[in-house]
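If you use my numbering, the sequence shown corresponds to residues 5 to 166, in order.
Glycine included, every Cβ here is placed at the ideal spot set by N, Cα and C.
Each remark here refers to the structure printed beneath this line.
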Amino acid sequence: MTCRLQPGDRAASHRRWRGRVWVVLLLTSLALTVSAEEAGAPARSAATSFGQALESADTRSLARHFPTSGRVRLQLDRLVGREHGFYSSQQVVTLLRTFLQEGSVDGFTVIAVEAPTEQFARVDATARITNHKGVTRPATLRLHLERERDRWVVRELREEAP
Numbered sequence: 005m006t007c008r009l010q011p012g013d014r015a016a017s018h019r020r021w022r023g024r025v026w027v028v029l030l031l032t033s034l035a036l037t038v039s040a041e042e043a044g045a046p047a048r049s050a051a052t053s054f055g056q057a058l059e060s061a062d063t064r065s066l067a068r069h070f071p072t073s074g075r076v077r078l079q080l081d082r083l084v085g086r087e088h089g090f091y092s093s094q095q096v097v098t099l100l101r102t103f104l105q106e107g108s109v110d111g112f113t114v115i116a117v118e119a120p121t122e123q124f125a126r127v128d129a130t131a132r133i134t135n136h137k138g139v140t141r142p143a144t145l146r147l148h149l150e151r152e153r154d155r156w157v158v159r160e161l162r163e164e165a166p
């Protein structure tokens, strides 16, 4: 005996099927969102700690956020002047120390974290930068972080155009 669906039964079956697909898609997207947030949590924490070191002008703490070997790319017009390029960690700390002797960073806030792998992350942050003349302006900073042994370090630090 063959069971044939009536036109109304077919439409109801199709609606149930579509509803189940939407539920599966929704649950999958929620799981991916939580997973992405969990993956970015250590990078967010490292960036927040870096921002606190900038705000407090604590160059010892700042130094811990840079790699022990290799270079760091800088592009920070307002923070260190037009010193664009690749520098050792020690040079970066010296440039930041020089700026922080007469200028300041305040209100450092992480606004986005992308951690596509367990080794690399990109962090966007906002801050208010006060230069040596006392002029304060908002800035968007982008940090590229990399895992170095058991910690995240800053491999690139640049100011994005407003």
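Proximity below 7 Å, CB of residue i to CB of residue j
{"i": "A47", "j": "V114", "result": "no"}
{"i": "H148", "j": "E160", "result": "yes"}
{"i": "R132", "j": "D110", "result": "yes"}
{"i": "F112", "j": "A129", "result": "yes"}
{"i": "L100", "j": "L66", "result": "yes"}
{"i": "E106", "j": "H69", "result": "no"}
{"i": "V127", "j": "V96", "result": "no"}
{"i": "L104", "j": "A143", "result": "no"}
{"i": "V117", "j": "G44", "result": "yes"}
{"i": "S108", "j": "T72", "result": "no"}
Cβ neighbours of residue i in the same chain (closer than 7 Å, five flanking residues each side left out)
{"i": "L36", "result": "At L36 the pLDDT is 44, less than 50, meaning the model places this residue with poor confidence; the figure from the coordinates comes in the next sentence. Contacts found: none."}
{"i": "H88", "result": "L78, Q79"}
For residue i, three-class secondary structure by DSSP
{"i": "T63", "result": "helix"}
{"i": "P71", "result": "coil"}
{"i": "D128", "result": "strand"}
{"i": "L58", "result": "helix"}
{"i": "G89", "result": "strand"}
{"i": "R146", "result": "strand"}
Residue(s) in a DSSP beta bridge with residue i
{"i": "V158", "result": "L149"}
{"i": "T134", "result": "S108, T140"}
{"i": "R48", "result": "R48 is not bridged to any residue."}
- Fully enclosed by the segment 97-122, which beta strand (DSSP E) runs are 3 residues long or longer? 108-118
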